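Visitor:
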Amino acid sequence: MSAGIAALGLRFIVMAIASFLAIVVWSRIRDVAWMLIVVGIIAGYGDILYSLLVEFGFVPEIDQAAGGIGLLAFVFPNLPWIFFSIAFISIIIKHRPRG
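If you want the working numbering, it's the position in the sequence shown, counting the first as 1, plus 17.
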């Protein structure tokens, strides 16, 4: 087993735990910002799962529907950060000083 696959497997296990805990938080907190953070964590888990599927050859790396561009390989790593950014914007708007 290569070091890259071992690191990816470890990330998969850690993100599985984080995703489980995020779902527990989701069931208890109904704040928009926290829900977006939870969705970002779950999207990160999806990114790692997709990377593992590509690494083991279950999913082709290049998305043929997008004209040979690896669209999923571009979207999945950035999707969690988009949700985190929207969550932080939501927090800033919610806690801005009233004046």
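We put the CB at the ideal spot given by N, CA and C, even for glycine. Predicted, not measured: the structure shown is a model, and the values here were computed from it.
1) Cα-Cα, which of E78, S102, A23 is closest to F132?
2) Closest to I27 by C-alpha separation, out of V42, S68, I54, would be which residue?
3) Between E72 and G61, what straight-line distance do the alpha-carbon atoms span, to the nearest angstrom?
4) Quick one: what does DSSP say P77 is sitting in, helix, strand or coil?
5) What do you reckon, are the CB atoms on F29 and I65 nearer than 8 Å?
6) Let me know the secondary structure DSSP gives G87 once reduced to three states.
7) Going by CA-CA distance only, name the one from L53, D48, F93 that's closest to G63.
8) Determine the burial state of A114: buried for a count of at least 16 other Cβ atoms within 10 Å of its Cβ, exposed for fewer.
Guide: In terms of the structure at hand:
1) It is not possible to answer for residue 132, since the shown part of the chain is limited to 18 through 116.
2) Mapped onto the sequence shown, residue 27 falls at position 10. Strictly speaking, residue 27 in this sequence is Leu, with Ile absent from that position. Nearest C-alpha to L27: S68.
3) One-based indexing of the sequence shown puts residue 72 at position 55. One-based indexing of the sequence shown puts residue 61 at position 44. Taking the straight line from one Cα to the other gives about 16 Å.
4) Locating residue 77 in the sequence shown gives position 60, counting from the first residue. If DSSP states are grouped into helix, strand and coil, P77 belongs with coil.
5) Within the sequence shown, residue 29 is the residue found at index 12, counting from 1. Within the sequence shown, residue 65 is the residue found at index 48, counting from 1. Yes, these two residues count as a Cβ contact at 8 Å.
6) Counted from its first residue, the sequence shown places residue 87 at position 70. Correct three-state label for G87: coil.
7) Counting from 1 along the sequence shown, the entry for residue 63 is found at position 46. For the residues L53, D48, F93, the minimum Cα distance to G63 belongs to F93.
8) Taking the sequence shown and counting its residues from 1, the one referred to as residue 114 is at position 97. A small fix is needed here, since residue 114 is Pro in this sequence, not Ala. P114 should be labelled exposed.
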